[in-house]
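Taking the working numbering, the leading residue of the sequence shown gets 44, the next gets one more, and so forth.
Heads up, the beta-carbon is just placed ideally off N, CA and C, and yes, glycines get one too.
Since we're looking at a predicted model, the values are computed, not measured.
The next block holds one structure in the form of structure tokens; read it before the comments.
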Amino acid sequence: ELTTIEETETEIIIGSALPYSEFIDTLHHYYPDLGEMIERIGSKQVRNTGTLGGNVGNASPIGDMPPALIALGATMTLHVQGQERTILVEDYFVDYKKTVLKPSEFIKSIQIPKPTQGQTLKLYKISKRIDDDISAVLAAFFIEQHDQKVTNVRLAFGGMAAIPKRGPAAEAALLNQDLTNESIAQAKEALTSDFQPMTDVRASDKYRMTVAQNLIEKCYLELQSANAREVIETRVVNYA
44 ELTTIEETET
54 EIIIGSALPY
64 SEFIDTLHHY
74 YPDLGEMIER
84 IGSKQVRNTG
94 TLGGNVGNAS
104 PIGDMPPALI
114 ALGATMTLHV
124 QGQERTILVE
134 DYFVDYKKTV
144 LKPSEFIKSI
154 QIPKPTQGQT
164 LKLYKISKRI
174 DDDISAVLAA
184 FFIEQHDQKV
194 TNVRLAFGGM
204 AAIPKRGPAA
214 EAALLNQDLT
224 NESIAQAKEA
234 LTSDFQPMTD
244 VRASDKYRMT
254 VAQNLIEKCY
264 LELQSANARE
274 VIETRVVNYA
């Protein structure tokens, strides 16, 4: 079970010891940004041996997968001596390199919900090199819209705190709102109350905050562009 991948009607279940290369195509099918981001993890050799359970279990604040899983509302099944419990991935992290794992407990699998209509996942990995590099900031934005209004939103970040975590104030600025220049500006400002980034060899605190805020705006602009293309394509089809 640790090295298997299974699909149900509503989720993808990935064994914690299954290498990235064995499930990247599946995730790319449902979440293109996630598939493309995994292709930037380490090298091909790393992706042939590295695992989802290892990336999450390591509890690094700059790990690539945790923010994406948190944004998606993914869960993880923990196992110890024949007993299991399932928790949200975001509840796994307690403090820097500290988790809720009990003695002898291990990660059995991670469950990723399949997307439904109106849901979008956008991922942004900021690093000095495109490939085989550690992130300075990793942003994962899950946005669900119906009739132009944001009905569900999770904005998760790596590299912005001691653990990968969401920005609740920024989320609140967008929830139940239309995505506009004004609501995006409010979300960017709210992010300053969600995070107090650190300065290290990869980036300064000011750089990290500026990048994180700008990625929110970048996501908005990309969604606006995608929506505009859909309208144009629909008109062309109807005209034809």
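Inter-residue CB distance, residue i and residue j (contact presumed, cutoff 8 Å)
i	j	result
A199	P207	6 Å
K168	E265	Wrong, their Cβ atoms sit about 15 Å apart, outside the cutoff.
G100	G93	With a Cβ gap of about 12 Å, G100 and G93 do not count as contacting.
A117	I155	5 Å
R83	P62	16 Å between Cβ atoms; not a contact.
A255	A182	6 Å
Residue i (DSSP reduced to helix, strand or coil)
i	result
I105	coil
R209	strand
E214	helix
K140	coil
L264	helix
L222	coil
L45	coil
Q239	coil
V244	coil
T120	strand
T51	coil
8 Å Cβ cutoff met for residue i and residue j
i	j	result
I153	L121	no
G210	F238	yes
Y73	P158	yes
I55	T46	no
L222	V193	yes
A205	Y139	yes
Inter-residue Cα distance where the pair is residue i and residue j
i	j	result
Q220	Q126	42 Å
D248	P110	19 Å
E133	N98	14 Å
S64	R128	27 Å
S178	G106	8 Å
Y263	P104	25 Å
E50	M80	21 Å
N270	R172	30 Å
Q229	M203	19 Å
K145	F136	13 Å
Q88	D175	11 Å
A102	L112	13 Å
N224	K261	11 Å
D243	V180	12 Å
S236	Q267	26 Å
Q191	L77	24 Å
L218	N195	6 Å
G161	Q188	5 Å
Q124	T53	28 Å
I67	G96	14 Å
E44	I57	9 Å
Short CB-CB distance (under 8 Å) between residue i and chain B
i	result
R209	Of the chains in the structure shown, none is chain B; there is only one protein chain.
**OP:** Enumerate, from N- to C-terminal direction, the unbroken alpha helix (DSSP H) stretches of 4 or more residues contained entirely within the region 53-96.
**Re:** 63-73, 75-81, 87-92
Subject >> Those runs of the beta strand (DSSP E) which lie wholly inside the region 147-207 and span at least 3 residues >> reply: 149-156, 162-169, 180-189, 192-201
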